[in-house]
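Per numbering that gives the first Met the number 0, the very first residue in the sequence shown carries number 0; after that it's consecutive. Where a beta carbon is used, it is the ideal one built from N, C-alpha and C, also for glycine. Structure first, commentary second.
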Amino acid sequence: MASRALVIGVGTYDHDSGIEGYPTIEASARAYGAALARDPRWGAAARSRVLEPDETRTSDGVMRALQEAAAAGEGPEDTLLVVYVGHGAYWQDVPGGQVHFAVGSSRSNEPWTWLSAWYVYRAIRKSKAGLKVLITDCCYSNMLPHLGADSALPGALGTRSEGTCVLTAVSGSVHNASADACQNLQPPLDTCTPFSGHLLNVLEQGMPDHAGDLTLGALRAGVDEGMQACGVHHPPRMLLNDASEAAPLFTNHAKGRRPRARALDTVEDWVRELLLNGERSLPALMRRPDLAGRVVVRLRTGDEQHRDLARRVDQRAGELLTNPADFVRYWGEIEPALLGGG
Ligand SMILES: [Zn+2]
């Protein structure tokens, strides 16, 4: 195994930089480091590390560390995880419009002093690791280029089969990620930024009703549910470059502690199952074609990730529903919703 995790937290800037520093950023970076250290999946400190201030001071320092971590990946078994917590900016008057990440020596309104997301993507893309994940907790992370089929910039992290994922603190047209700590979290996570605090809370608490380790889908669902329960945050977003909701990333410390009492029976059950585990259990869902149709209808009314799942389920339905009568039952649920504009 040659998995690597790199945590980049930039919370301190020069006094005359025009950029506001936040202690929550560095607290978040330290908490990621602690969470990775106690996770048997990541374990030994050599495999995960939090960059030191002298490294996060310049783009060169960050990129050297990133290149080294990316080069460690040897094959499909390996994971490259990169976490960035700090300030993000977006300039439309540079080619293509780009998200830039702040480093310690960045200055407000001087794009050349920031680290372009494209250099980060480029280094990640070169890694041979089977799973490559970028977690970004910063403003304008919603503007990180779309990945996947509908992308204006396809394959930003790799091709569709390369197992890449970007998880961002903000979504849709919301540009600003809050850096003010969430008081509803337990110490020390109440000193972190809200997105990282909630994500780290999922790592610490685990998901008792989830039987396996924390997959990308489970992590995203856990963060989303936690932030929604708080009622004060913008929803996070996950951009998937392939169908890797089922890819495990962290240990679930509460694995199966609250076993599911009943079979998946309702539209809600199945929407959550698909969000957590992707298409893995689709054959079971397709044994109930009418329920499958209602699940697709529901997914279509959700956010970007729900709609993407709806498309993927719909694609697979054609192969899995080999009996025409079953397909008619499936389609019978979807067609009225389409006609009704739903
Ligand atoms: Zn909260």
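Quick check on residue i: does DSSP put it in helix, strand or coil?
i	result
GLU19	coil
GLY147	Its pLDDT being 38, under 50, GLY147 is placed unreliably by the model, and the measurement read from it follows with that caveat. Note: GLY147 maps to coil in three-state DSSP.
VAL295	helix
HIS99	strand
ASP289	helix
GLY60	helix
SER140	helix
VAL6	strand
ARG40	coil
SER105	coil
ALA1	coil
ARG236	strand
THR190	helix
LEU184	coil
ALA242	Only weak support is given to the placement of ALA242: the predicted model assigns it a pLDDT of 47, under 50, and the value that follows is read from those uncertain coordinates. Residue state, collapsed to three classes: coil.
VAL132	strand
LEU263	coil
ALA33	helix
ALA253	coil
ALA178	coil
GLU73	coil
SER172	coil
ALA283	helix
ALA210	coil
Kindly indicate the opening and closing residues of the alpha helix (DSSP H) around residue i.
i	result
ASP53	52-55
ASP325	323-338
ALA165	The displayed chain sequence assigns Val, not Ala, to residue 165. Here VAL165 belongs to no alpha helix (DSSP H); instead the beta strand (DSSP E) covers 163-167.
TRP111	Premise fails: TRP111 is in no alpha helix (DSSP H) and is neither H nor E.
SER195	193-204
LEU88	Leu is not the amino acid found at residue 88; the sequence shown has Ala there. No alpha helix (DSSP H) contains ALA88, which is instead part of the beta strand (DSSP E) from 87-90.
ASN276	266-276
HIS305	303-319
THR279	Just to set this straight, residue 279 is Arg in the shown sequence, not Thr. ARG279 -> no alpha helix (DSSP H), and no H or E assigned at all.
ALA116	116-124
Could you tell me the boundaries of the beta strand (DSSP E) in which residue i lies?
i	result
CYS229	CYS229 -> not in any beta strand (DSSP E); alpha helix (DSSP H) instead, spanning 215-229.
TYR12	Neither: TYR12 is in no beta strand (DSSP E) and is coded neither H nor E.
PRO247	247-249
LEU80	78-84
ARG48	47-49
Between the beta-carbon of residue i and the beta-carbon of residue j, is there less than 8 Å?
i	j	result
GLY196	CYS137	no
MET285	LEU319	yes
GLY312	GLU278	At residue 312 the sequence reads Val, which differs from the Gly that was named. Contact: yes.
ALA176	SER2	no
VAL132	LEU80	yes
GLU334	ARG293	no
THR214	ALA168	no
GLN185	ALA253	no
TYR139	VAL165	no
PRO234	SER170	yes
ALA316	LEU275	no
ILE18	ALA116	no
ALA28	VAL61	no
GLY103	PRO52	yes
SER58	LEU114	yes
SER47	LEU35	yes
ILE7	THR55	yes
ALA262	ILE24	no
VAL270	LEU290	no
LEU218	PHE194	no
THR190	LEU130	no
ASP325	PRO282	no
Taking only beta-carbon positions, decide if residue i is within less than 8 Å of chain B.
i	result
ARG106	Among the protein chains of the structure shown there is no chain B, as only one such chain exists.
Self-check item: Those residues, in chain order, that have a beta-carbon closer than 5 Å to some heavy atom of ligand 1
Solution: CYS181, ASN183 and CYS229
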